[in-house]
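Down below is the structure, laid out as structure tokens.
In our numbering, the protein residues as written are 76 to 330.
Here's what the structure looks like:
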């Protein structure tokens, strides 16, 4: 391959396996309803196809050697949707866990759930607990499912927990720092995302990992979530490789 051809080729294809790969990729899965509307289908069909896209994303993340994949499956605000749609989404979650959990476990994938579980119906809570318990010792990809999750709500919960410790006398307010807050978050044992991908062309974070994405790279893709495939995932990774991550400092790239 000539030098010019190599420079124009996807960066991902030029790198050794795992070299510089983001450790943690988070995805805002957007566009199921619009995907269905474009095809004259009910929104439910878009959500069903979205589950297939999750499976593809998990396979691709595993193949690329990514350590953590977080998917925004159901936000704290999604309860405002019509009752029949919420009911269908709950059913999809149940089917995903029941049908895919054995395969995830067999593939050494660890499942973690973040979000508020208080107030969820018992069968949903039991399924979430089962998924975490069964896969807790797996050492491959960690699949983080953000369910009934909101970034601001998570921070409020962390602040309340710290306030209780201060009231009990086990924590001095002067000792509260960023590490203390991070330890009180749902993601206390998960590294911050290096890359956040959002599909559908929308360019906002929608209350997703508000604290954790302070220094994440964002890639916004025009495709709707049901169309998200290996090529789209790799295109987002390729864009990530083009970024110069400085974390508030100076660039380390040669001028």
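Each residue gets a CB set at the ideal place from its N, CA and C atoms; glycine is no exception.
Predicted model, so just to flag it, every value in this text is computed and none were measured.
Quiz item: Which runs of the alpha helix (DSSP H), 4 residues or longer, sit entirely within the stretch 167-244?
Solution: 197-210, 226-243
Quiz item: Any idea what DSSP makes of residue 263, helix, strand or coil?
Solution: coil
Self-check item: Cβ neighbours of residue 100 in the same chain (closer than 6 angstroms, five flanking residues each side left out)
Solution: 141, 144, 270
Quiz item: I think residue 166 touches residue 300, with their Cβ atoms under 8 angstroms apart; what is that distance to the nearest whole Å?
Solution: 18 angstroms between Cβ atoms; not a contact.
Self-check item: Cβ shell of residue 172 (< 8 angstroms), same chain only, five flanking positions each side left out
Solution: 202, 203, 205, 206
Quiz item: Is DSSP giving residue 280 helix, strand or coil here?
Solution: coil
Quiz item: If you scan the stretch 114-142 from start to end, which runs of the alpha helix (DSSP H) of 4 or more residues do you find wholly inside it?
Solution: As far as the stretch 114-142 is concerned, its whole alpha helix (DSSP H) runs of at least 4 residues are 118-139.
Quiz item: Is the distance from the Cβ of residue 305 to the Cβ of residue 131 below 8 angstroms?
Solution: Here residue 305 is near residue 131, since their CB atoms are less than 8 angstroms apart.
Quiz item: Is the CB-CB distance between residue 218 and residue 180 below 8 angstroms?
Solution: No, the pair does not count as a contact, with Cβ atoms beyond the cut-off.
Exercise. Could you round the C-beta distance between residue 197 and residue 282 to whole angstroms and report it? I think they count as a contact, below 8 angstroms.
Key: So it is not a contact: roughly 26 angstroms between Cβ atoms.
Self-check item: Own chain partners of residue 307 with C-beta closer than 7 angstroms, once the 5 adjacent residues on each side are dropped
Solution: 296, 298
Quiz item: If you draw a straight line from the alpha carbon of residue 274 to that of residue 156, how long is it in whole angstroms?
Solution: 20 angstroms
Quiz item: Where DSSP assigns a beta bridge to residue 144, which residues make up the other side?
Solution: 100, 218
Self-check item: Residues that DSSP places opposite residue 295 in a beta bridge
Solution: 273
Quiz item: Start and end of the alpha helix (DSSP H) containing residue 317?
Solution: 305-317
Quiz item: By Cβ distance, which residues of its chain are closer than 7 angstroms to residue 258, with the 5 residues on each side in sequence left out?
Solution: None.
Quiz item: The alpha helix (DSSP H) with residue 18 in it runs from where to where?
Solution: Residue 18 lies beyond the residue range present for the chain, which begins at 76 and ends at 330; the question has no answer from this structure.
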